[in-house]
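Student: Dropping a structure here in structure tokens format, bear with me for questions.
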Amino acid sequence: MLQEYEIRQRFNRVERAIGEAAQACSAERDLPGELRDCIHKLDRQADAAQQGLAPYDVTRLRKMVDELEVLGDRARKVCTNMPTLTPQMRSAVQHVHDELAELKHDLH
18 MLQEYEIRQR
28 FNRVERAIGE
38 AAQACSAERD
48 LPGELRDCIH
58 KLDRQADAAQ
68 QGLAPYDVTR
78 LRKMVDELEV
88 LGDRARKVCT
98 NMPTLTPQMR
108 SAVQHVHDEL
118 AELKHDLH
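As structure tokens, this is what we get:
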């Protein structure tokens, strides 16, 4: 299992990926409301999770990552069903999903 410092670094990568998806979301004109909602919820929950990391509690972090992953899965499903999305938006959502899956794997 990773050490606390490594987990915080990994969580920072997740946050950056979510931030990039939020920026891509802002640039999209015809984005489905469900996808926009997922990205905004991911952004808010990641911010709350980051604040919740002090003091470090791996059990609570696992729960937060699981919740973020549910939103990431939902966002990815919307992307799959929307052939008109830009490649940038698809890539941003996939990156979030991949980072969350990797962090979850490292935590369990």
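At position 59 of the sequence shown the residue is numbered 76 (the numbering used here), and the sequence of numbers has no breaks.
Ideal placement from N, C-alpha and C gives every residue a C-beta, glycine not left out.
#1: For residue 28 and residue 102, I'd like the C-alpha separation in whole angstroms.
#2: If we call anything under 8 Å between Cβ atoms a contact, is residue 127 one with residue 59?
#3: If you drop the 5 nearest sequence neighbours on each side, which residues of the same chain put their C-beta closer than 6 Å to that of residue 37?
#4: What residue range does the alpha helix (DSSP H) around residue 47 cover?
Tutor: Checking against the coordinates, here is how it stands:
#1: In a straight line, the C-alpha of residue 28 is about 27 Å away from that of residue 102.
#2: One cannot answer for residue 127 here, as it falls past the ends of the chain, which runs 18 to 125.
#3: Taking C-beta separations shorter than 6 Å and ignoring five residues to either side along the sequence, the partners of residue 37 in its chain run 109, following chain order.
#4: Note, residue 47: premise wrong, no alpha helix (DSSP H); not H, not E.
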